[in-house]
Amino acid sequence: MRAIQITEFGGPEVLNVAELPDPQAGPGQLLIDVSRAGINYADTHQAENSYLSASTLPMVPGGEVVGTTADGRRVVALVGTGGYAEKAVASEGLAWDVPDGIDDVTALGMIVQGASAWVLLRRSVHLAPGESVVVHAAAGGVGSLAVQLAKAWGAGRVIATASSQDKRDLALELGADAAVDPNEPDLRDALIEANGGRGVDAVLEMTGGTVTDQSLRALAPFGRLAFYGMASRKEPSPVRPANLMRHSTTISGMWLAHVFQLPGDVMRTALDELFGLVAEGRLRVISGGEYGLSEVRRAHEDLRARRTTGKLVLDPSR
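For the sequence shown, our numbering begins at 1 and goes up steadily by one.
Written as structure tokens, this is what we have:
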């Protein structure tokens, strides 16, 4: 089969097309003919071995696929690694049937980005109706869905940030009440101004560095910030516990992998609600572009340079 293989860690230059043996499904596993694979920002960390879980070489990157099993089921699945290929193996417990009428891009948009937005809003910041929420990187895969979910669930005010006017316009089209440039010299003041002069109740943050620092300062008493990525690769300033008490603020971290340690099938619950909102026309995945195997380096370059919006996918057939 054709696949992308990494034999040394690094940037986009280490992603190479290779001919590899077909993977074999063992007990409790499914072999999937991949129609599309998701391309995620986490994959760029995986390629350089800077992700939360260590990578080993040689490796086929890619953590999510949609395709067909030997018995004809159409499934979307988390695979950890191995997704950038014509065939992939997934554990049966990490594969979910795709409802009729859901296209490949939408199915892939739900499995990581959609589920992340769901968990961030439902379990990390516990967004309540009427509360304000800041969604950073609001034109991205998670952000574009989080904006829509927050509105669907009754947020009082959704404040989006995005790095270009086109991206801010997209966030407003998706339902954000205000859109802010995250490069504002005083982002704290800009976020508070966008919220009518009041501190914000919740922030979904995946940038790191000064964006995290300024967002924390923009929180209202009992405000919550959920940190789920560090796209800038810059550490935020250290947080003193006394300051959390002084301002009655909460900081949480979220890594989707930990959802599977929770009681009950949280992913199934999330996907059922997400697919239901799609069917009702209240939620849509923004297609950010499709790349062939030979174009994967460009996909990673585009991601790292923040030139993308919405959900990026890989077509392993070309």
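The beta-carbon is built from N, C-alpha and C at its ideal position, and this holds for glycine as well.
Values in this document were obtained by computation on a predicted structure and should not be read as measured data.
| Query | Result |
| --- | --- |
| Same chain, Cβ closer than 8 Å to Ile192, neighbours up to 5 away in sequence not counted | Arg198, Gly199, Val200, Ala218 |
| Limits of the unbroken beta strand (DSSP E) element including Gly223 | 219–227 |
| Glu131: first and last residue of the uninterrupted beta strand (DSSP E) it sits in | No beta strand (DSSP E) contains Glu131, which DSSP labels as neither H nor E. |
| Phe260 classed as buried or exposed, judged by whether at least 16 other C-beta atoms fall within 10 angstroms | exposed |
| Nearest-angstrom Cα separation, counted from Ala137 out to Thr207 | 8 Å |
| Nearest to Leu244 (by Cα), restricted to the options Arg224, Ala70, Pro263 | Arg224 |
| Distance between Gln165 and Arg307 (C-alpha atoms, nearest Å) | 12 Å |
| Distance CB(Ala70)-CB(Val79) smaller than 7 Å | no |
| Gly310 and Ser144 closer than 7 Å at C-beta | yes |
| Host alpha helix (DSSP H) of Leu145 (start-end) | 141–152 |
| Pairwise C-alpha distance: Ala3 and Tyr84 | 6 Å |
| Buried/exposed call for Pro23, threshold 16 Cβ in 10 Å | buried |
| Counted within 10 angstroms of its Cβ, other Cβ atoms place Asn195 as buried (16 or more) or exposed | buried |
| Beta-carbon proximity check, Val105 vs Ser287, cutoff 7 Å | yes |
| Reduced DSSP category for Glu173 - H, G, I as helix; E, B as strand; rest coil | helix |
| For Val259, the first and last residue of its enclosing alpha helix (DSSP H) | No alpha helix (DSSP H) contains Val259, which DSSP labels as neither H nor E. |
| Of the listed residues Val313, Ala231, Gly229, Glu235, nearest to Asp213 (C-alpha basis) | Glu235 |
| CA nearest to the CA of Met59, picked from Pro27, Ala257, Val17, Thr210 | Val17 |
| Three-state secondary structure assigned by DSSP to Leu271 | helix |
| Best match in Glu19, Glu48, Ala25, Asn40 for proximity to Pro12 [C-alpha to C-alpha] | Glu48 |
| Other residues of its chain near Leu174: CB distance less than 7 Å, five sequence neighbours each side excluded | Ser144, Val147, Gln148 |
| Ala231 vs Leu204 beta-carbon contact at 7 Å | no |
| DSSP state of Asn183 mapped onto helix, strand, coil | coil |
| Every unbroken beta strand (DSSP E) inside the segment 86–121 [3 residues or more] | 87–91, 95–97 |
| Own chain, CB closer than 6 Å to Thr249, minus 5 neighbours either side, in chain order | Leu219, Gly223 |
| Inter-residue CB distance, Asp315 and Gly281 (contact presumed, cutoff 8 Å) | No, Asp315 and Gly281 are not in contact; Cβ-Cβ is about 27 Å, not under 8 Å. |
| Proximity of Thr81 and Arg304 at Cβ, strictly below 7 Å | no |
| Per-residue DSSP class, three states only, for Glu295 | helix |
| CB-CB length for Ile159 against Ala128, believed under 8 Å | Actually they do not touch by this definition, with Cβ atoms about 16 Å apart. |
| Burial state of His300, where buried means 16 or more other Cβ atoms lie within 10 Å | buried |
| His247 versus Pro241: straight-line alpha-carbon distance, rounded | 10 Å |
| Close Cβ partners of Val98 (< 7 Å) along its chain, the five nearest in sequence each way excluded | Val66, Arg74, Val75, Val76, Ala107 |
| Own chain, CB closer than 8 Å to Ala155, minus 5 neighbours either side, in chain order | Leu127, Pro129, Gly130, Glu131, Ser132, Val133 |
| Helix, strand or coil at Ala279 [DSSP, three-state] | helix |
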